[in-house]
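To keep things clear, I will list the structure first and then write my remarks on it.
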Amino acid sequence: MLNSPVLTLNSGMVPIDICNVKEAIVLQVLNKAEAIRVDTSTNIHSQYLTLPLPRVIMLFNFHKIPKKRVAYSRLNIIYRDDMRCQYCGKRFRMDELTVDHIIPLSKWNSVPPEHRPEDPNSWENQVCACRRCNTIKGNKLLYECRFSLLRKPVEPKYMPYLVISRDRANKYGWLEFLNYNVRIVEAIDTGVSL
Ligand SMILES: [Zn+2]
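Here the working numbering is used: position 60 in the sequence shown is 60, and no number is missing along the way.
Right under this line is the structure:
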């Protein structure tokens, strides 16, 4: 239970982190945070005090929203593209999506440098694609399969700091606090630790 997640808000009520119950209690004891949502059905007992199980805490004297560089990853490419296949334009569940090289690695050298991004494994050369489109595209260039892109892929300048599944938010009573700085993803995002 001490490892259960606790949504952490800054002083302006913006979600900035998820800590665990143990850390949340230490912050409360040190008077650095207060619990603003608790589970009254469960109490945490220690030698000196008894506290209800915190679900959401708010930090005192912390107004910032920590910046996080958007990591280049398969998952973030899919999130950048909003879980939407950039070829057919439809949205899919996470387990139905792939990441595709727009210019396939096997054809990289056949494309003149002025017509391609600098790096084949980059934000600019990879997009979210459904399995079907990915199979049709195979090792072809866009024009060879008459595909076009929904939008030009670029490195995202900003992504929400926290990615939280709706199931988890529901389970711990967080939903009403997730109005900013959070991307809520549906439970279909299985296989990803959120
Ligand atoms: Zn598709």
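Glycine included, C-beta positions come from ideal geometry on N, C-alpha and C. Every value quoted in this text rests on a predicted model; they were computed, and no experiment measured them.
- According to the DSSP secondary-structure assignment, D100 is paired through a beta bridge with V127.
- With a cutoff of 8 angstroms on beta-carbon distance, V111 and Q86 are scored as not near each other.
- Minimum Cα-Cα distance from P66 among the listed residues W174, S11 and L150 corresponds to S11.
- Using a Cβ distance threshold of 8 angstroms, G173 and R37 count as a contacting pair.
- By alpha-carbon distance to S46, the top candidate from E34, M58, V29 and M83 is V29.
- Of the candidates D17, L162 and I78, D17 places its Cα closest to the Cα of F62.
- According to DSSP, residue pairing for M13 in a beta bridge does not occur.
- In the three-state DSSP reduction, M94 falls in the helix class (H, G or I).
- Out of L75, Y72 and L2, the CA that lies nearest to the CA of N43 is found in L2.
- When Cβ pairs closer than 8 angstroms are counted between the two stretches, the stretch 102 to 110 is seen not to touch the stretch 161 to 170, the count staying below three.
- Around the beta carbon of M83, 16 or more other beta carbons lie within 10 angstroms, which makes this residue buried.
- Distance check between L75 and each of N179, A129 and T50 places A129 closest, using alpha-carbon atoms only.
- For D39, the enclosing beta strand (DSSP E) covers residues A33 to H45.
- Summarising the contact set, residues whose Cβ lies nearer than 5 angstroms to any heavy atom of ligand 1 are, in chain order, C85, Y87, C88, C130 and C133.
- The three-state reading of DSSP puts S110 in helix, counting H, G and I together.
- If you draw a straight line from the Cα of L162 to the Cα of A71, it comes to about 13 angstroms.
- With distances taken between CA atoms, K64 lies nearest to M13 out of V99, M13 and N20.
- When the alpha-carbon of I136 is set against those of P117, F60 and T98, the nearest one is in T98.
- By the CB criterion at 8 angstroms, P153 and W108 fall outside the cutoff.
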